[in-house]
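The sequence shown begins at 1 in full-length UniProt numbering and counts up by one.
Contents: one structure, followed by commentary.
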Amino acid sequence: DKNLEQIEPDKITTHNLLADVCQAAKYEGDSIRGYYALYDTQYPSSGSTICTAL
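In structure tokens, the structure reads:
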């Protein structure tokens, strides 16, 4: 749980930055999945996609 602004550039390697980004993407995807059903229930005729729910 680090913002990119707080990461010290001299401590970044290509490999750990990629791993951090992938891990963050997985976490965000998992959290979106849980909210999408609630959004779809609340707005059933919206025809929205997961991007709209964000």
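Every residue gets a Cβ at the ideal spot worked out from N, C-alpha and C, and that includes glycine.
The model shown is predicted, which means the values in this text are computed figures rather than measured ones.
Coil, strand or helix - residue i by DSSP
i	result
I32	helix
Y39	helix
K9	Per the sequence shown, the amino acid found at residue 9 is Pro instead of Lys. In this structure, P9 counts as helix in the three-state DSSP scheme.
Residues near residue i by beta carbon distance below 6 Å, same chain, minus five either side
i	result
D20	none
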